[in-house]
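In mature numbering (1 follows the signal peptide of the UniProt record, and there is no 0), the protein residues as written are -32 to -1, 1 to 440.
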(Lines of atoms letter the chains of each structure in order from A and count residues from 1; the text may use other names and numbers.)
(Lines give C-alpha, C1' and ligand atoms only; values in the text may rest on other atoms or scores of the structure.)
Protein backbone atom coordinates (compact mmCIF):
# COMPACT_ATOMS: atom_id res chain seq x y z
CA UNK A 1 0.00 0.00 0.00
CA UNK A 2 1.42 3.34 -0.98
CA UNK A 3 1.15 6.36 1.22
CA UNK A 4 -1.17 8.03 -1.26
CA UNK A 5 -3.63 5.30 -0.27
CA UNK A 6 -2.84 5.83 3.41
CA UNK A 7 0.80 5.68 4.39
CA UNK A 8 0.21 4.82 8.02
CA UNK A 9 -0.91 1.36 8.92
CA UNK A 10 -3.37 3.25 11.10
CA UNK A 11 -4.74 6.66 10.09
CA UNK A 12 -6.16 8.81 12.89
CA UNK A 13 -9.58 7.23 12.19
CA UNK A 14 -8.18 3.74 12.64
CA UNK A 15 -6.34 4.79 15.78
CA UNK A 16 -9.53 6.20 17.29
CA UNK A 17 -11.50 3.11 16.33
CA UNK A 18 -8.88 0.76 17.76
CA UNK A 19 -8.77 2.78 20.96
CA UNK A 20 -12.53 2.83 21.44
CA UNK A 21 -13.10 -0.84 20.74
CA UNK A 22 -10.49 -1.89 23.27
CA UNK A 23 -10.47 -1.65 27.03
CA UNK A 24 -11.32 1.97 27.81
CA UNK A 25 -8.47 2.74 30.18
CA UNK A 26 -5.58 0.85 28.57
CA UNK A 27 -6.27 1.54 24.92
CA UNK A 28 -7.58 5.02 25.69
CA UNK A 29 -4.18 5.87 27.10
CA UNK A 30 -2.48 4.37 24.03
CA UNK A 31 -4.55 6.60 21.74
CA UNK A 32 -3.74 9.62 23.88
CA UNK A 33 -0.04 9.01 23.32
CA UNK A 34 -0.29 8.25 19.61
CA UNK A 35 -2.25 11.32 18.59
CA UNK A 36 -1.46 14.94 19.26
CA UNK A 37 -3.52 16.27 22.12
CA UNK A 38 -7.23 15.61 22.55
CA UNK A 39 -9.73 15.47 19.70
CA UNK A 40 -10.31 19.21 19.83
CA UNK A 41 -6.60 19.87 19.48
CA UNK A 42 -6.28 17.29 16.72
CA UNK A 43 -9.01 19.03 14.72
CA UNK A 44 -7.06 22.27 15.04
CA UNK A 45 -3.93 20.70 13.55
CA UNK A 46 -5.03 21.26 9.96
CA UNK A 47 -4.04 24.27 7.85
CA UNK A 48 -6.36 27.27 8.01
CA UNK A 49 -8.81 27.45 5.10
CA UNK A 50 -7.61 30.97 4.31
CA UNK A 51 -4.34 29.38 3.15
CA UNK A 52 -6.04 27.69 0.18
CA UNK A 53 -6.85 29.29 -3.18
CA UNK A 54 -8.49 28.24 -6.43
CA UNK A 55 -5.58 28.37 -8.86
CA UNK A 56 -7.86 29.31 -11.76
CA UNK A 57 -8.49 32.67 -10.08
CA UNK A 58 -4.77 33.59 -10.04
CA UNK A 59 -3.13 35.44 -12.93
CA UNK A 60 0.03 33.97 -14.51
CA UNK A 61 3.09 35.04 -12.53
CA UNK A 62 5.97 32.78 -13.66
CA UNK A 63 8.81 34.69 -15.31
CA UNK A 64 11.68 32.83 -16.95
CA UNK A 65 14.97 34.59 -17.88
CA UNK A 66 15.45 34.87 -21.62
CA UNK A 67 18.10 32.46 -22.86
CA UNK A 68 21.22 34.21 -24.18
CA UNK A 69 23.29 33.07 -27.15
CA UNK A 70 25.63 31.00 -24.97
CA UNK A 71 22.89 29.49 -22.78
CA UNK A 72 23.30 25.91 -21.65
CA UNK A 73 20.00 24.14 -22.14
CA UNK A 74 20.90 20.57 -21.21
CA UNK A 75 19.21 18.71 -18.37
CA UNK A 76 20.37 15.83 -16.19
CA UNK A 77 17.70 13.85 -14.31
CA UNK A 78 18.47 11.42 -11.49
CA UNK A 79 16.01 8.65 -10.58
CA UNK A 80 16.11 8.29 -6.78
CA UNK A 81 12.61 6.89 -6.24
CA UNK A 82 9.73 8.09 -4.05
CA UNK A 83 11.03 7.12 -0.62
CA UNK A 84 9.48 3.68 -0.97
CA UNK A 85 11.75 2.48 1.84
CA UNK A 86 9.99 4.97 4.14
CA UNK A 87 13.03 6.86 5.35
CA UNK A 88 11.57 9.52 7.66
CA UNK A 89 12.85 11.54 10.58
CA UNK A 90 12.48 14.96 12.17
CA UNK A 91 16.19 15.76 11.76
CA UNK A 92 18.12 18.22 9.63
CA UNK A 93 21.87 17.60 9.65
CA UNK A 94 22.48 20.78 7.62
CA UNK A 95 20.47 23.35 9.60
CA UNK A 96 20.53 21.57 12.99
CA UNK A 97 23.51 19.19 13.03
CA UNK A 98 23.58 16.72 15.92
CA UNK A 99 20.09 17.69 17.16
CA UNK A 100 17.59 14.83 17.22
CA UNK A 101 14.21 16.06 15.96
CA UNK A 102 15.83 19.42 15.27
CA UNK A 103 13.30 20.07 12.51
CA UNK A 104 10.26 19.20 14.67
CA UNK A 105 8.54 17.87 11.55
CA UNK A 106 9.08 14.85 9.31
CA UNK A 107 11.18 14.86 6.17
CA UNK A 108 10.90 12.54 3.18
CA UNK A 109 14.37 11.35 2.14
CA UNK A 110 15.60 10.01 -1.17
CA UNK A 111 19.16 9.34 -2.20
CA UNK A 112 21.48 8.66 0.72
CA UNK A 113 20.18 5.93 3.04
CA UNK A 114 22.02 7.01 6.20
CA UNK A 115 20.72 10.55 6.58
CA UNK A 116 19.89 11.60 10.14
CA UNK A 117 20.81 14.25 12.71
CA UNK A 118 24.36 12.95 13.06
CA UNK A 119 25.21 12.63 9.38
CA UNK A 120 28.71 13.77 8.41
CA UNK A 121 30.59 13.93 5.14
CA UNK A 122 32.25 10.66 6.09
CA UNK A 123 29.01 8.83 6.97
CA UNK A 124 27.28 10.08 3.83
CA UNK A 125 30.19 8.95 1.67
CA UNK A 126 30.03 5.49 3.27
CA UNK A 127 26.25 5.20 2.92
CA UNK A 128 24.10 3.49 0.33
CA UNK A 129 21.59 5.22 -1.93
CA UNK A 130 18.18 4.88 -3.54
CA UNK A 131 19.42 6.57 -6.73
CA UNK A 132 19.63 4.27 -9.73
CA UNK A 133 22.97 5.68 -10.89
CA UNK A 134 24.71 5.41 -7.51
CA UNK A 135 24.40 9.11 -6.59
CA UNK A 136 24.85 9.23 -2.79
CA UNK A 137 23.57 12.79 -2.44
CA UNK A 138 20.92 13.56 0.20
CA UNK A 139 17.64 15.08 -1.00
CA UNK A 140 14.96 15.78 1.61
CA UNK A 141 11.78 17.83 2.04
CA UNK A 142 8.88 18.01 4.55
CA UNK A 143 6.11 15.46 4.04
CA UNK A 144 2.57 16.26 2.90
CA UNK A 145 -0.32 14.87 4.93
CA UNK A 146 -4.06 14.52 4.52
CA UNK A 147 -5.78 15.44 7.78
CA UNK A 148 -9.54 14.83 8.05
CA UNK A 149 -9.62 15.61 11.74
CA UNK A 150 -13.32 16.37 12.28
CA UNK A 151 -14.55 13.59 10.00
CA UNK A 152 -12.23 11.02 11.57
CA UNK A 153 -13.18 12.05 15.10
CA UNK A 154 -16.87 11.62 14.21
CA UNK A 155 -16.20 8.27 12.54
CA UNK A 156 -14.31 7.15 15.63
CA UNK A 157 -17.31 8.00 17.82
CA UNK A 158 -19.68 6.04 15.55
CA UNK A 159 -17.34 3.04 15.62
CA UNK A 160 -17.24 3.18 19.41
CA UNK A 161 -21.04 3.10 19.60
CA UNK A 162 -21.18 0.15 17.22
CA UNK A 163 -18.53 -1.64 19.26
CA UNK A 164 -20.46 -1.10 22.51
CA UNK A 165 -23.67 -2.45 20.95
CA UNK A 166 -21.89 -5.54 19.66
CA UNK A 167 -20.28 -6.14 23.03
CA UNK A 168 -23.67 -5.90 24.78
CA UNK A 169 -25.25 -8.33 22.33
CA UNK A 170 -22.56 -11.00 22.65
CA UNK A 171 -23.40 -12.29 26.19
CA UNK A 172 -27.13 -12.34 25.35
CA UNK A 173 -26.53 -14.52 22.31
CA UNK A 174 -24.40 -16.87 24.38
CA UNK A 175 -27.12 -17.22 27.04
CA UNK A 176 -29.83 -17.80 24.44
CA UNK A 177 -27.86 -20.58 22.78
CA UNK A 178 -27.21 -22.17 26.14
CA UNK A 179 -30.94 -22.10 26.96
CA UNK A 180 -31.73 -23.77 23.66
CA UNK A 181 -29.28 -26.53 24.56
CA UNK A 182 -30.93 -26.96 27.99
CA UNK A 183 -34.41 -27.26 26.51
CA UNK A 184 -33.17 -30.18 24.43
CA UNK A 185 -32.04 -31.99 27.58
CA UNK A 186 -35.35 -33.11 29.04
CA UNK A 187 -35.95 -36.85 29.72
CA UNK A 188 -34.87 -39.07 32.59
CA UNK A 189 -31.86 -39.26 34.83
CA UNK A 190 -29.40 -39.06 31.95
CA UNK A 191 -31.05 -35.82 30.87
CA UNK A 192 -30.74 -34.35 34.36
CA UNK A 193 -27.03 -35.20 34.42
CA UNK A 194 -26.66 -33.57 31.01
CA UNK A 195 -28.52 -30.51 32.30
CA UNK A 196 -26.16 -30.14 35.27
CA UNK A 197 -23.06 -30.60 33.14
CA UNK A 198 -24.40 -28.35 30.40
CA UNK A 199 -25.19 -25.69 32.98
CA UNK A 200 -21.69 -25.93 34.43
CA UNK A 201 -20.17 -25.71 30.97
CA UNK A 202 -22.31 -22.68 30.12
CA UNK A 203 -21.27 -20.93 33.30
CA UNK A 204 -17.63 -21.69 32.55
CA UNK A 205 -17.97 -20.36 29.04
CA UNK A 206 -19.67 -17.22 30.27
CA UNK A 207 -16.95 -16.60 32.87
CA UNK A 208 -14.25 -17.26 30.28
CA UNK A 209 -15.89 -14.77 27.91
CA UNK A 210 -16.06 -12.13 30.62
CA UNK A 211 -12.44 -12.70 31.58
CA UNK A 212 -11.45 -12.47 27.93
CA UNK A 213 -13.28 -9.17 27.55
CA UNK A 214 -11.43 -7.78 30.56
CA UNK A 215 -8.03 -8.98 29.38
CA UNK A 216 -8.21 -8.15 25.65
CA UNK A 217 -9.68 -5.38 23.46
CA UNK A 218 -13.10 -6.48 22.20
CA UNK A 219 -12.26 -5.35 18.70
CA UNK A 220 -9.77 -8.19 18.32
CA UNK A 221 -11.86 -11.08 19.80
CA UNK A 222 -12.89 -13.94 17.53
CA UNK A 223 -16.64 -14.81 17.51
CA UNK A 224 -16.27 -18.16 15.75
CA UNK A 225 -14.80 -20.02 18.74
CA UNK A 226 -17.64 -18.86 21.04
CA UNK A 227 -20.35 -19.79 18.53
CA UNK A 228 -18.79 -23.22 18.11
CA UNK A 229 -18.94 -23.71 21.88
CA UNK A 230 -22.63 -22.72 21.98
CA UNK A 231 -23.52 -25.00 19.08
CA UNK A 232 -21.65 -27.85 20.73
CA UNK A 233 -23.72 -27.31 23.89
CA UNK A 234 -26.96 -27.46 21.94
CA UNK A 235 -25.92 -30.66 20.16
CA UNK A 236 -24.93 -32.22 23.47
CA UNK A 237 -28.34 -31.33 24.95
CA UNK A 238 -30.18 -32.93 22.07
CA UNK A 239 -28.06 -36.05 22.40
CA UNK A 240 -28.88 -36.20 26.12
CA UNK A 241 -32.62 -36.06 25.34
CA UNK A 242 -32.34 -39.12 23.10
CA UNK A 243 -30.34 -41.12 25.58
CA UNK A 244 -33.03 -41.50 28.27
CA UNK A 245 -32.54 -43.19 31.63
CA UNK A 246 -29.68 -45.42 30.57
CA UNK A 247 -27.60 -42.64 28.93
CA UNK A 248 -25.95 -41.16 32.04
CA UNK A 249 -22.45 -42.47 31.24
CA UNK A 250 -22.59 -41.43 27.60
CA UNK A 251 -23.89 -37.99 28.54
CA UNK A 252 -20.99 -37.57 30.91
CA UNK A 253 -18.53 -38.54 28.13
CA UNK A 254 -20.15 -36.14 25.68
CA UNK A 255 -20.09 -33.34 28.20
CA UNK A 256 -16.40 -33.99 28.96
CA UNK A 257 -15.63 -33.90 25.22
CA UNK A 258 -17.55 -30.63 24.93
CA UNK A 259 -15.50 -29.19 27.78
CA UNK A 260 -12.28 -30.24 26.03
CA UNK A 261 -13.42 -28.69 22.74
CA UNK A 262 -14.40 -25.50 24.52
CA UNK A 263 -11.02 -25.29 26.21
CA UNK A 264 -9.28 -25.77 22.86
CA UNK A 265 -11.46 -23.11 21.24
CA UNK A 266 -10.84 -20.67 24.06
CA UNK A 267 -7.10 -21.29 23.88
CA UNK A 268 -7.16 -20.62 20.14
CA UNK A 269 -9.24 -17.51 20.72
CA UNK A 270 -6.74 -16.24 23.29
CA UNK A 271 -3.80 -16.88 20.95
CA UNK A 272 -5.47 -15.07 18.04
CA UNK A 273 -6.45 -12.12 20.21
CA UNK A 274 -2.96 -11.87 21.68
CA UNK A 275 -1.38 -11.91 18.21
CA UNK A 276 -3.77 -9.24 16.93
CA UNK A 277 -3.23 -7.08 20.00
CA UNK A 278 0.55 -7.34 19.60
CA UNK A 279 0.33 -6.32 15.94
CA UNK A 280 -1.94 -3.41 16.84
CA UNK A 281 0.49 -2.16 19.46
CA UNK A 282 3.35 -2.40 16.94
CA UNK A 283 1.38 -0.37 14.40
CA UNK A 284 0.42 2.25 16.97
CA UNK A 285 4.04 2.52 18.08
CA UNK A 286 5.20 3.03 14.50
CA UNK A 287 2.59 5.73 13.92
CA UNK A 288 3.57 7.46 17.15
CA UNK A 289 7.12 7.73 15.83
CA UNK A 290 5.81 9.37 12.65
CA UNK A 291 3.37 11.79 14.32
CA UNK A 292 4.94 14.85 15.90
CA UNK A 293 3.30 17.68 17.88
CA UNK A 294 1.23 19.72 15.47
CA UNK A 295 1.99 17.33 12.59
CA UNK A 296 -0.29 14.35 12.14
CA UNK A 297 -2.51 12.83 9.51
CA UNK A 298 -1.84 10.37 6.69
CA UNK A 299 1.50 10.91 4.98
CA UNK A 300 1.20 11.13 1.20
CA UNK A 301 3.76 9.45 -1.02
CA UNK A 302 4.49 11.57 -4.10
CA UNK A 303 3.14 10.28 -7.37
CA UNK A 304 6.40 11.52 -8.87
CA UNK A 305 9.62 13.04 -7.52
CA UNK A 306 11.55 14.58 -10.39
CA UNK A 307 15.16 15.56 -9.57
CA UNK A 308 16.65 17.50 -12.48
CA UNK A 309 19.77 19.67 -12.80
CA UNK A 310 19.55 22.46 -15.35
CA UNK A 311 21.90 24.85 -17.10
CA UNK A 312 22.34 28.61 -17.08
CA UNK A 313 20.58 31.03 -19.44
CA UNK A 314 23.84 32.94 -19.91
CA UNK A 315 26.61 30.32 -20.30
CA UNK A 316 28.36 27.17 -19.12
CA UNK A 317 28.13 25.71 -15.63
CA UNK A 318 30.99 24.44 -13.47
CA UNK A 319 31.04 21.27 -11.37
CA UNK A 320 29.69 21.39 -7.84
CA UNK A 321 32.26 20.52 -5.19
CA UNK A 322 31.60 17.34 -3.24
CA UNK A 323 29.70 17.92 0.02
CA UNK A 324 28.26 21.24 -1.17
CA UNK A 325 25.14 21.95 0.91
CA UNK A 326 22.25 24.04 -0.40
CA UNK A 327 18.92 25.07 1.16
CA UNK A 328 15.72 26.04 -0.61
CA UNK A 329 13.05 28.13 1.14
CA UNK A 330 12.79 28.92 4.86
CA UNK A 331 11.05 26.72 7.43
CA UNK A 332 10.91 29.54 10.03
CA UNK A 333 9.04 32.35 8.35
CA UNK A 334 7.59 33.66 11.62
CA UNK A 335 11.13 34.29 12.88
CA UNK A 336 13.13 35.09 9.73
CA UNK A 337 10.52 36.85 7.62
CA UNK A 338 10.17 36.47 3.86
CA UNK A 339 13.75 37.05 2.71
CA UNK A 340 14.25 33.39 1.81
CA UNK A 341 10.69 32.09 1.43
CA UNK A 342 9.56 30.97 -2.00
CA UNK A 343 6.23 30.42 -3.71
CA UNK A 344 6.37 26.68 -4.42
CA UNK A 345 2.83 25.46 -5.10
CA UNK A 346 1.01 24.83 -8.36
CA UNK A 347 -1.17 22.33 -10.22
CA UNK A 348 -0.60 19.96 -13.11
CA UNK A 349 -1.03 22.04 -16.27
CA UNK A 350 -0.05 25.32 -14.53
CA UNK A 351 3.66 24.67 -13.90
CA UNK A 352 4.91 27.31 -16.36
CA UNK A 353 2.18 29.81 -15.53
CA UNK A 354 1.44 30.07 -11.81
CA UNK A 355 3.41 29.51 -8.62
CA UNK A 356 1.49 30.11 -5.40
CA UNK A 357 2.40 31.04 -1.85
CA UNK A 358 -0.80 29.24 -0.80
CA UNK A 359 -2.11 25.70 -1.18
CA UNK A 360 -3.74 25.26 -4.58
CA UNK A 361 -7.23 23.98 -5.25
CA UNK A 362 -6.75 22.46 -8.69
CA UNK A 363 -9.41 22.22 -11.42
CA UNK A 364 -11.18 18.86 -11.61
CA UNK A 365 -8.95 17.41 -8.91
CA UNK A 366 -5.75 17.79 -10.96
CA UNK A 367 -2.50 16.83 -9.25
CA UNK A 368 -0.97 19.19 -6.69
CA UNK A 369 2.68 20.05 -7.36
CA UNK A 370 5.57 21.56 -5.41
CA UNK A 371 8.40 23.09 -7.46
CA UNK A 372 11.65 23.77 -5.60
CA UNK A 373 14.25 25.74 -7.59
CA UNK A 374 17.54 25.81 -5.67
CA UNK A 375 20.16 28.57 -5.95
CA UNK A 376 22.29 28.15 -9.07
CA UNK A 377 25.32 30.28 -8.18
CA UNK A 378 28.31 29.33 -5.97
CA UNK A 379 31.07 31.45 -4.42
CA UNK A 380 33.71 29.11 -5.87
CA UNK A 381 35.29 28.34 -2.49
CA UNK A 382 33.02 27.10 0.31
CA UNK A 383 30.82 24.05 0.61
CA UNK A 384 28.83 25.61 3.47
CA UNK A 385 28.57 28.85 5.46
CA UNK A 386 27.52 29.90 8.97
CA UNK A 387 23.92 30.55 7.94
CA UNK A 388 24.05 27.78 5.27
CA UNK A 389 23.18 30.37 2.62
CA UNK A 390 25.97 32.89 1.96
CA UNK A 391 28.13 30.49 -0.05
CA UNK A 392 25.39 30.13 -2.70
CA UNK A 393 22.99 32.57 -4.32
CA UNK A 394 20.20 32.88 -6.87
CA UNK A 395 20.93 34.37 -10.26
CA UNK A 396 19.36 37.74 -11.01
CA UNK A 397 16.30 38.28 -13.18
CA UNK A 398 18.47 37.97 -16.28
CA UNK A 399 20.04 34.69 -15.12
CA UNK A 400 23.37 36.28 -14.25
CA UNK A 401 25.37 35.29 -11.13
CA UNK A 402 26.74 38.07 -8.92
CA UNK A 403 30.35 39.17 -8.68
CA UNK A 404 32.68 36.35 -7.74
CA UNK A 405 29.96 33.69 -8.06
CA UNK A 406 29.93 30.95 -10.68
CA UNK A 407 26.99 29.20 -12.33
CA UNK A 408 26.59 25.59 -11.16
CA UNK A 409 24.03 23.00 -12.27
CA UNK A 410 20.79 24.42 -10.90
CA UNK A 411 18.74 21.82 -9.04
CA UNK A 412 14.98 21.69 -9.50
CA UNK A 413 12.94 19.17 -7.49
CA UNK A 414 9.33 18.76 -8.63
CA UNK A 415 7.00 16.76 -6.38
CA UNK A 416 3.60 15.62 -7.65
CA UNK A 417 0.75 14.42 -5.43
CA UNK A 418 -2.63 12.85 -6.15
CA UNK A 419 -4.75 14.76 -3.63
CA UNK A 420 -8.48 13.95 -4.02
CA UNK A 421 -10.60 16.85 -5.26
CA UNK A 422 -12.79 16.91 -2.13
CA UNK A 423 -9.70 17.03 0.11
CA UNK A 424 -8.43 20.04 -1.86
CA UNK A 425 -11.81 21.81 -1.66
CA UNK A 426 -12.16 21.08 2.06
CA UNK A 427 -8.64 22.33 2.89
CA UNK A 428 -7.62 18.95 4.31
CA UNK A 429 -4.03 18.63 3.16
CA UNK A 430 -0.98 20.37 4.59
CA UNK A 431 2.80 20.44 4.71
CA UNK A 432 4.62 19.44 7.89
CA UNK A 433 6.08 22.46 9.64
CA UNK A 434 7.51 23.73 12.89
CA UNK A 435 4.49 23.89 15.25
CA UNK A 436 4.71 27.68 15.50
CA UNK A 437 4.36 27.99 11.70
CA UNK A 438 0.94 26.28 11.68
CA UNK A 439 1.45 24.65 8.26
CA UNK A 440 2.01 27.93 6.47
CA UNK A 441 2.57 26.94 2.80
CA UNK A 442 5.27 29.62 2.56
CA UNK A 443 7.39 27.58 4.97
CA UNK A 444 7.80 24.86 2.34
CA UNK A 445 11.49 24.07 1.91
CA UNK A 446 14.00 21.55 0.61
CA UNK A 447 17.57 20.48 1.38
CA UNK A 448 20.41 19.06 -0.71
CA UNK A 449 23.89 17.79 0.06
CA UNK A 450 26.03 16.81 -2.93
CA UNK A 451 27.70 13.41 -2.48
CA UNK A 452 28.04 12.54 -6.17
CA UNK A 453 31.19 10.85 -7.31
CA UNK A 454 33.47 12.86 -9.57
CA UNK A 455 32.47 10.59 -12.44
CA UNK A 456 28.74 11.32 -12.03
CA UNK A 457 29.35 15.07 -11.60
CA UNK A 458 31.48 15.18 -14.73
CA UNK A 459 28.76 13.40 -16.73
CA UNK A 460 26.23 15.86 -15.35
CA UNK A 461 28.26 18.93 -16.36
CA UNK A 462 29.07 17.53 -19.80
CA UNK A 463 25.39 16.79 -20.40
CA UNK A 464 24.24 20.28 -19.45
CA UNK A 465 26.99 22.16 -21.27
CA UNK A 466 26.48 19.89 -24.29
CA UNK A 467 22.78 20.87 -24.39
CA UNK A 468 21.69 17.24 -24.08
CA UNK A 469 18.82 15.59 -22.21
CA UNK A 470 20.20 12.90 -19.91
CA UNK A 471 18.49 10.55 -17.46
CA UNK A 472 20.20 8.17 -15.06
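Note that CB positions come from ideal geometry on N, CA and C, so glycine has one too.
Quick one: give me the first and last residue of the alpha helix (DSSP H) that residue 37 is part of. Careful: residue 37 lies outside any alpha helix (DSSP H) and carries neither H nor E.
Do residue 402 and residue 299 count as a contact pair if the criterion is CB distance below 8 Å? yes
Please find out if some non-hydrogen atom of the ligand HEM comes closer than 7 Å to the beta-carbon of residue 66. This structure lacks the ligand HEM, and indeed carries no ligand of any kind.
The alpha helix (DSSP H) that contains residue 389, what's its start and end? 389 to 393
With distances taken between CB atoms, is the gap from residue 293 to residue 352 smaller than 8 Å? yes
Can you tell me which of the three DSSP states residue 113 falls into? strand
If I follow the unbroken beta strand (DSSP E) through residue 399, where does it start and stop? 397 to 399
Can you tell me the Cα-Cα spacing of residue 265 and residue 369, whole angstroms? 41 Å
CB of residue 39 within 8 Å of CB of residue 421, strictly: no
Please determine, among 25, 27, 411, 110, the residue with the shortest C-alpha to C-alpha distance to residue 259. 110
Once you ignore the five residues that flank residue 55 on each side, which residues in its own chain have a CB closer than 6 Å to its CB? 77
Helix, strand or coil: how does DSSP classify residue 430 here? helix
Rounded separation between residue 394 and residue 296 - CA only: 28 Å
Contact check, residue 336 vs residue 114, beta carbons under 8 Å: no
Considering only the alpha carbon of each residue, which of 93, 328, 383, 283 lies closest to residue 417? 93
What does the alpha-carbon distance come out to for the pair residue 272 and residue 313? 15 Å
For residue 350, the three-state DSSP class (helix, strand or coil): coil
Are the Cβ atoms of residue 415 and residue 89 separated by less than 8 Å? no
Among the candidates 27, 13, 18, whose CA atom is the shortest distance from the CA of residue 321? 27
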